[in-house]
Amino acid sequence: MKVLETDPYILSYCEQPLKIEFKWGGRPYSYTPDILSTNVSSQSTLYEVKPEEVLKKDDGRLAVKFDAAKEYCLERGWTFKIVTEAVRKSPEYQRADLLWPHLMNPNIDENHAETIFRRVSDAGVLRLADLVEKDGWADPSYCALLHLIGKGWLVESSSGIFEPSTHIRVFTDHG
Numbered sequence: 055m056k057v058l059e060t061d062p063y064i065l066s067y068c069e070q071p072l073k074i075e076f077k078w079g080g081r082p083y084s085y086t087p088d089i090l091s092t093n094v095s096s097q098s099t100l101y102e103v104k105p106e107e108v109l110k111k112d113d114g115r116l117a118v119k120f121d122a123a124k125e126y127c128l129e130r131g132w133t134f135k136i137v138t139e140a141v142r143k144s145p146e147y148q149r150a151d152l153l154w155p156h157l158m159n160p161n162i163d164e165n166h167a168e169t170i171f172r173r174v175s176d177a178g179v180l181r182l183a184d185l186v187e188k189d190g191w192a193d194p195s196y197c198a199l200l201h202l203i204g205k206g207w208l209v210e211s212s213s214g215i216f217e218p219s220t221h222i223r224v225f226t227d228h229g
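Pasting the structure below:
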């Protein structure tokens with residue numbers, strides 16, 4: 055959920071959003087996927103989160119359940135994704151892991167945040183090094199910048215996770 059919470063392209067998400075009916079072994083069952091998200095292009099994705107070990111031990115029921123979810127999504131023009139702990143190695147997860155504490159920090163200096171937002175807005179694009187002092191992680195400007203990115207008000211270029219040369223701009227693609 056960290057990844058969805060810090061992704062500026064995700065408009066909304068909800069947990070255990072619906073039930074999907076399926077049959078296994080001739081008997082009816084229902085299945086509740088974990089998350090449904092909608093992005094700025096109004097595309098929806100249904101997620102199932104499962105440990106890899108559980109997937110490896112599937113007796114066939116999960117495969118039938120996931121096939122029912124895929125069919126359900128196909129009928130609606132949605133995407134279905136199975137997420138395992140391997141997601142923790144992804145750049146998206148690393149980004150979310152970095153942003154999360156700043157997103158949830160109630161002690162962000164609002165004046166710093168407003169100043170940074172205004173500077174980026176006025177300039178169009180600025181480098182991270184132009185916004186943050188040499189104190190790095192402890193710099194209040196850095197904390198405020200990560201808060202603004204986590205909230206989806208600013209967005210970084212995808213040239214790496216917050217290098218000095220990373221470009222920062224106002225996020226304007228809210229749909």
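In our numbering, the protein residues as written are 55 to 229. Ideal placement from N, C-alpha and C gives every residue a C-beta, glycine not left out.
Distance, I64 Cα to L58 Cα: One C-alpha to the other measures close to 6 Å.
Does A183 pass the burial test, meaning 16 or more other C-beta atoms within 10 Å, or should it be called exposed? So A183 counts as exposed.
Just how far apart, CA to CA, sit A150 and G204? Computed Cα separation, rounded: 8 Å.
Between L72 and L185, what straight-line distance do the alpha-carbon atoms span, to the nearest angstrom? Roughly 44 Å between the two C-alpha positions.
For the segment 121-139 against the segment 92-108, do three or more pairs of beta-carbon atoms, one drawn from each stretch, fall closer than 8 Å, so that the two count as touching? With a cut-off of 8 Å on Cβ pairs, the segment 121-139 is in contact with the segment 92-108, counting three or more such pairs.
Fully enclosed by the segment 66-116, which beta strand (DSSP E) runs are 3 residues long or longer? Those beta strand (DSSP E) runs which fall completely within the segment 66-116 and span 3+ residues are 74-78, 81-85, 89-93 and 98-103.
What does DSSP give as the partner residue(s) for R181 in the beta ladder? Partner(s): H221.
Alpha carbon to alpha carbon, how far is D176 from I89? Give it in angstroms, no decimals. Taking the Cα positions, I89 is about 37 Å away from D176.
What are the uninterrupted segments assigned as alpha helix (DSSP H) that are 4 or more residues long and contained completely in the segment 114-160, given in chain order? With a minimum length of 4 residues, the continuous alpha helix (DSSP H) runs that stay inside the segment 114-160 are 115-130 and 145-157.
Once DSSP output is grouped into helix, strand and coil, what is the label at V186? Correct three-state label for V186: coil.
Does the contact criterion of 3 or more C-beta pairs under 8 Å hold for the segment 74-88 versus the segment 113-131? Counting Cβ pairs under 8 Å, three or more are found: they touch.
Among K77, T169 and Y67, whose alpha-carbon lies nearest the alpha-carbon of S208? Strictly speaking, residue 208 in this sequence is Leu, with Ser absent from that position. Here the closest residue by C-alpha is T169.
Check this for me: beta carbons of A167 and A123, under 7 Å apart or not? Their beta carbons are not under 7 Å apart, which means A167 does not touch A123 by this criterion.
Rounded Cβ spacing between T220 and R181 (contact assumed at less than 8 Å): Taking C-beta atoms under 8 Å as the contact rule, T220 and R181 qualify, at a distance of about 7 Å.
Within its chain, find whatever has a CB closer than 6 Å to the CB of S56; leave out the 5 residues flanking it on each side and keep chain order. Note on identity: in this sequence residue 56 is Lys, with Ser being the wrong assignment. Excluding positions up to five away in sequence, the list reads A150 and W154.
Once the 5 residues before and after S96 are set aside, which same chain residues still bring their CB inside 6 Å of it? The same chain holds no residue with a CB closer than 6 Å to that of S96 once the five nearest residues on each side in sequence are set aside.
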